[in-house]
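*Asks:* Each residue of the sequence shown is one higher than the one before, counting from 74 in this note's numbering. Quick one: this structure, given as structure tokens, is what I'll be asking you about.
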Amino acid sequence: MHNRLIAEQHRKWWKRETPEILISNYFPVKMPYGGLDIDIPPSLMAMRKKANAEAIAAAGVPSDTLNVQAVNFGPALLPALAGAGFEYDASTSWSVHAFDSANLAKVNTFDPNHPLWRKYIQRLEPLLENWSWDTYLPSLADYLGPLDIVAGLIGSEKLAMELYDNPEDVKRLAMDAAKLLSEAINFELDLHRKAGLADGVTDVFSIWLPGRGVRLSEDFSTLVGPDQFQEFFLEPDSYVCENFDSVFMHVHSGAIQCLPGFVDVRKMGAIEFGNDPNGPGIDDRIEAGKLVQKKGLPLQMTSWNIKLKEEEVLKIIKSLDPRGLLVRFQMDSIEEARELYKLIKEI
């Protein structure tokens, strides 16, 4: 399906007006150009991303998500803007904590001239100049939520302890991170608008985000309980969500205990609920999905890198309301991905 038609489907998905389930399966495909883009010359970016988009299209797997290409700096970009150290290899990036405690830490204000941010923007600009509905749509950066940014700044283990030892400082850092995050997102959104994406943008999950939208993640939520979520996450996450038209939140199944908190975040737009190794079973994940739908939010149910049995897939799709539901399952081959798409559409 053409990107323009898929974007229109997604507009209906956000309103929960899709009469049937949307499907986009994960499948193995050899990409011409993988890895991080940090050391790739800007002059090569458009060529590389077009080639990757062509490889996805050539696989011939039907999909209800967009053909999207992103500048890949890994997950450590936003913590680096906040003040964390930034390290990387060919495949990913990681943060090096800059402070040993929350009471000593501070979050930098957003600086559009930060060297790493400028490097990111220089590689984004060719994608914005060369996109089209017929080839690929340019993606926003991989944006972490406020607590994930703080975790990069002082370390996840230290942050877990600081929830008890210095709770007020954690709250201060989280709100400062929310402000930094919102300014960075708005800066990038303005660039996408100028490039012709006037009524929406997309993200690395290949979803159309209406208006001024963004996809966030709060992976640190896997380490906290529901009361801690209410105390530390609710306000900074709400601050970010209230600044944008559509927010799509990536939630690990390991954070299932925090899901009631996520759906209570003010102006939360949609939830993607994943499937972690040694995480909750199929029945618990289905109940989690029902909780999201009961709140009236669009839902993406995902099983990435964990292949489900066919009966588990069918149980998920038969147990949840098809309106505003997108499912993404891991397949071992292109052929399996095609077959599962057809199977679900025929139910």
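Positions of the beta carbon are idealized from the N, C-alpha and C atoms, including for glycine. Please read these numbers as outputs of a predicted model, since none were measured by experiment.
Could you give the residue range of the alpha helix (DSSP H) that holds residue 83?
*Replies:* That run of the alpha helix (DSSP H) goes 76–87.
*Asks:* For residue 329, which residues from the same chain have a beta carbon less than 6 Å from its beta carbon, with the 5 sequence-adjacent residues on both sides left out?
*Replies:* Same-chain partners within the cutoff: 353 and 361.
*Asks:* Thinking residue 144 and residue 191 are a contact (beta carbons under 8 Å), I'd like their distance in whole angstroms, please.
*Replies:* With a Cβ gap of about 12 Å, residue 144 and residue 191 do not count as contacting.
*Asks:* Assign residue 253 to buried or exposed, taking buried as 16 or more other Cβ atoms, counted over all protein chains shown, within 10 Å of its Cβ.
*Replies:* When all chains shown are included, residue 253 counts as buried.
*Asks:* Whose C-beta lies closer than 7 Å to the C-beta of residue 124 among residues of the same chain, with five residues either side of it excluded?
*Replies:* Here the set comprises 105 and 106.
*Asks:* Which residue's Cα is closest to the Cα of residue 214: 79, 273 and 151?
*Replies:* Measuring from the Cα of residue 214, the nearest candidate turns out to be 151.
*Asks:* Hey, could you find the ends of the beta strand (DSSP E) residue 304 is sitting in?
*Replies:* Here residue 304 belongs to no beta strand (DSSP E), and DSSP marks it neither H nor E.
*Asks:* Considering only the beta carbon of each residue, do residue 226 and residue 278 sit closer than 9 Å?
*Replies:* Not in contact: residue 226 and residue 278 (Cβ atoms no closer than 9 Å).
*Asks:* Going by C-alpha to C-alpha distance, which of 77, 209 and 130 sits closest to residue 141?
*Replies:* The option with the nearest alpha carbon to residue 141 is 209.
*Asks:* What residue ranges within the stretch 347–383 form continuous beta strand (DSSP E) runs of no fewer than 3 residues, ordered along the chain?
*Replies:* Within the stretch 347–383, the complete beta strand (DSSP E) runs of at least 3 residues are 372–376.
*Asks:* Just reading off the alpha helix (DSSP H) that residue 334 is part of, what are its end residues?
*Replies:* Residue 334 -> alpha helix (DSSP H) spans 332–337.
*Asks:* Note the first and the last residue of the continuous beta strand (DSSP E) segment covering residue 273.
*Replies:* Start and end: 273–275.
*Asks:* For residue 100, which three-state DSSP category applies?
*Replies:* It is coil, neither helix nor strand.
*Asks:* For residue 319, count neighbouring C-beta atoms within 10 Å of its own C-beta (all shown protein chains included) and say buried if the count is 16 or more, exposed if not.
*Replies:* Burial call: buried.
*Asks:* When DSSP labels each residue in this structure, what does residue 167 get in the three-state scheme?
*Replies:* Reduced to three states, the DSSP call for residue 167 is strand.
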